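S.K.:
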Ligand code: AMP
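Written out as structure tokens, the structure is:
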């Protein structure tokens, strides 16, 4: 994180934005249901501090974001940011002018016409394929809508896209308050964490978290594995896994991680018992020590919960990245719920508790522990890459000097 020391923040008094257009990259990539209704507005709420600060400083606020994965060849109504703009206006208690596009002369003239403190929302930057394919070129076009650039889209900082890295090359820039909050939460976990430091890695695939597992073994005292990825590790350890999800091409990797953990004296914990069923829809789930042939494990069992909770109970820093089972279904939710409770208890006794984005954040929200942890990241992929020790392109762009 040392290389990010040169990042300026939006509340720096020298970032003089009064009366100027400030183009702000937010991450409004919110989950929506099939009817296009927003199912969690956390990402919009988390952007409010920066937007309100800019309004207070009498800037003209021009917001841009992506939403979903449109094809990039024009407007697709289901990926429009219109609904988001409506929700933002409610939360902000001020008007939000919704634009029909994010680049072009008309949009530029509308940004110039804004009055100080007014807010404008550009349409989805990913309606243009250049956002992802030609970031510098597209960033130059986007930059016409601002005099300054603020990036507050932590969840997009691992992407070298036009609205994240490209635009920073053309405008004086600063990071927003959400990015600062995220970096302040992850900083202690990356540099000199309070110990014992316990990480819990869950979720569907080992292959998604190779770098994080490897990097975590350099930092933590205890690494607990849960979720489907536990079964690739258990198979490597010659334990029966039945029909559980196993990535056979990751067995060698899992073996190497056992070796690394032993060499570095890290406790690598795996489930001892499991909640199994014939398939995810099978309602006759039961607890077993040995996964029978023909059955798959969808959650950790009670003995494992006790073992994991005990290890968390003495931790001074805890990181959760990924659910421990198929928590979306009640019969497979106990493991993840119990770990969330253990996180809340750890937080209560003063431990630093950080939750990686995506599914783990959804689980903490679902079980009602949002206020009982130190920090829930708004970035799934971005938080994992940060934990891996990678430099995020969006942060590198912010740390670079302003253009001449
Ligand atoms: P990820 O996106 O990698 O964090 O994976 C999250 C998903 O993993 C969630 O939707 C869970 O339902 C799923 N998951 C967790 N444990 C298991 C398991 N034992 N078997 C299958 N899927 C699982």
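In this note's numbering, the protein residues as written are 920 to 1323.
Ideal Cβ placement from N, Cα and C applies to all residues, glycine included.
Fair warning: this is a prediction, and the values are worked out from it, not measured in the lab.
1. What separation, rounded to the nearest whole angstrom, lies between the Cα atoms of residue 1229 and residue 1104?
2. With a 10 Å radius around its C-beta and 16 neighbouring C-beta atoms as the bar for buried, classify residue 1306 as buried or exposed.
3. Straight-line CA distance for residue 920 to residue 1077?
4. Can you list, in chain order, the residues of its chain with a C-beta nearer than 6 Å to that of residue 1030? Leave out the 5 residues immediately preceding and following it.
5. Where do the ends of the alpha helix (DSSP H) carrying residue 1073 lie?
6. Counting beta carbon pairs with one atom in the stretch 1180 to 1189 and one in the stretch 1126 to 1142, are three or more of them shorter than 8 Å?
7. Taking the Cβ atom as the reference point for each residue, do residue 1251 and residue 1244 lie within a distance shorter than 8 Å?
8. Kindly provide the ranges of any alpha helix (DSSP H) runs that are 4 or more residues long and lie completely inside the stretch 1015 to 1081, ordered along the chain.
9. With DSSP collapsed to three states, give me the class of residue 920.
10. Does the ligand AMP have even one heavy atom less than 7 Å from the beta-carbon of residue 991?
11. From 1271, 1318, 1042 and 961, pick the residue whose C-alpha is nearest to that of residue 1115; which is it?
12. Return the first residue and the last residue of the beta strand (DSSP E) that residue 928 is part of.
13. Assign residue 1145 to buried or exposed, taking buried as 16 or more other Cβ atoms, counted over all protein chains shown, within 10 Å of its Cβ.
14. With a Cβ-Cβ cutoff of 8 Å, do residue 1261 and residue 1296 count as a contact?
15. Under a Cβ-count criterion, where at least 16 other Cβ atoms within 10 Å of its own Cβ denotes burial, should residue 1042 be classed as buried or exposed?
16. Classify residue 1231 as helix, strand or coil using the three-state DSSP reduction.
17. From residue 963 to residue 1274, what does the alpha carbon distance come to, in whole angstroms?
18. Runs of 4 residues minimum, wholly inside the stretch 1123 to 1198: which ones carry the alpha helix (DSSP H) assignment?
19. So residue 1097 packs on residue 983, CB below 8 Å; how close in whole Å?
20. For residue 1121, would you say it is in contact with chain D, using Cβ-to-Cβ distances shorter than 8 Å as the test?
21. With burial defined as no fewer than 16 other Cβ atoms inside 10 Å of the residue's Cβ, what is the status of residue 1155: buried or exposed?
22. If you reduce the DSSP assignment to three classes, tell me which class residue 1245 lands in.
23. Is residue 1278 close to the ligand AMP? I mean its beta-carbon at under 7 Å from any heavy atom of the ligand.
24. Let me know the alpha helix (DSSP H) ranges lying completely inside the stretch 950 to 984, each 4 residues or longer, listed in chain order.
25. Under a three-way DSSP split, which group does residue 1215 fall into?
26. Can you give me the C-alpha to C-alpha distance between residue 1219 and residue 970, rounded to a whole angstrom?
27. Of all the options 1084, 1278, 1035 and 967, which has the alpha carbon lying nearest to the alpha carbon of residue 979?
28. Once you ignore the five residues that flank residue 951 on each side, which residues in its own chain have a CB closer than 7 Å to its CB?
M.R.: The answer reads as follows:
1. Mapped onto the chain shown, residue 1229 falls at position 310. Mapped onto the chain shown, residue 1104 falls at position 185. If you take the alpha carbons of residue 1229 and residue 1104, they lie about 24 Å apart.
2. Your numbering for residue 1306 matches position 387 in the chain shown. It counts as buried.
3. Along the chain shown, one-based indexing puts residue 920 at 1. Along the chain shown, one-based indexing puts residue 1077 at 158. Residue placement at residue 920 cannot be trusted, given a pLDDT of 46 that sits under 50; the coordinates are not used to answer.
4. Translated into the one-based positions of the chain shown, residue 1030 becomes position 111. Once the five neighbours on either side are set aside, the close Cβ partners of residue 1030 are 940, 981 and 1064.
5. Numbered from 1 along the chain shown, position 154 holds the residue referred to as residue 1073. Run containing residue 1073: none; DSSP gives neither H nor E here.
6. yes
7. In the chain shown, counting from the first residue as 1, residue 1251 sits at position 332. In the chain shown, counting from the first residue as 1, residue 1244 sits at position 325. Cβ atoms of residue 1251 and residue 1244: closer than 8 Å.
8. 1024 to 1032, 1049 to 1052 and 1054 to 1061
9. Indexing the chain shown from 1 puts residue 920 at position 1. At residue 920 the pLDDT is 46, less than 50, meaning the model places this residue with poor confidence; the figure from the coordinates comes in the next sentence. Three-state DSSP puts residue 920 in coil, outside helix and strand.
10. For the purposes of this step, residue 991 is taken as residue 72 along the chain shown, with counting starting at 1. Outside the cutoff, so no.
11. Translated into positions along the chain shown, residue 1115 becomes position 196. For the residues 1271, 1318, 1042 and 961, the minimum Cα distance to residue 1115 belongs to 1271.
12. Position 9 of the chain shown, counting from 1, holds the residue named residue 928. No beta strand (DSSP E) holds residue 928; DSSP gives it neither H nor E.
13. Here residue 1145 is taken as the residue at index 226 of the chain shown, counted from 1. By the 10 Å Cβ count, residue 1145 comes out buried.
14. Here residue 1261 is taken as the residue at index 342 of the chain shown, counted from 1. Here residue 1296 is taken as the residue at index 377 of the chain shown, counted from 1. Not in contact: residue 1261 and residue 1296 (Cβ atoms no closer than 8 Å).
15. If you number the chain shown from 1, residue 1042 lands on position 123. Buried: at least 16 other Cβ atoms inside 10 Å.
16. For the purposes of this step, residue 1231 is taken as residue 312 along the chain shown, with counting starting at 1. Residue state, collapsed to three classes: helix.
17. If you number the chain shown from 1, residue 963 lands on position 44. If you number the chain shown from 1, residue 1274 lands on position 355. Approximately 18 Å, taken between the alpha carbons.
18. 1129 to 1135, 1148 to 1155 and 1170 to 1182
19. By one-based count along the chain shown, residue 1097 stands at place 178. By one-based count along the chain shown, residue 983 stands at place 64. Actually they do not touch by this definition, with Cβ atoms about 15 Å apart.
20. In the structure shown, chain D cannot be found, because there is only a single protein chain.
21. Mapped onto the chain shown, residue 1155 falls at position 236. Residue 1155 should be labelled buried.
22. Reading the chain shown from its first residue, position 326 is the one you call residue 1245. It is coil, neither helix nor strand.
23. By 1-based counting over the chain shown, the position of residue 1278 is 359. The answer is yes for residue 1278.
24. 961 to 975
25. If you number the chain shown from 1, residue 1215 lands on position 296. Strand.
26. Position 300 of the chain shown, counted from the start, is the residue given in the question as residue 1219. Position 51 of the chain shown, counted from the start, is the residue given in the question as residue 970. The straight-line gap from Cα to Cα measures roughly 42 Å.
27. Taking the chain shown and counting its residues from 1, one reaches residue 979 at position 60. Here the closest residue by C-alpha is 1035.
28. Residue mapping note: residue 951 aligns to position 32 of the chain shown, counting from 1. Only 957 and 958 meet the Cβ criterion.
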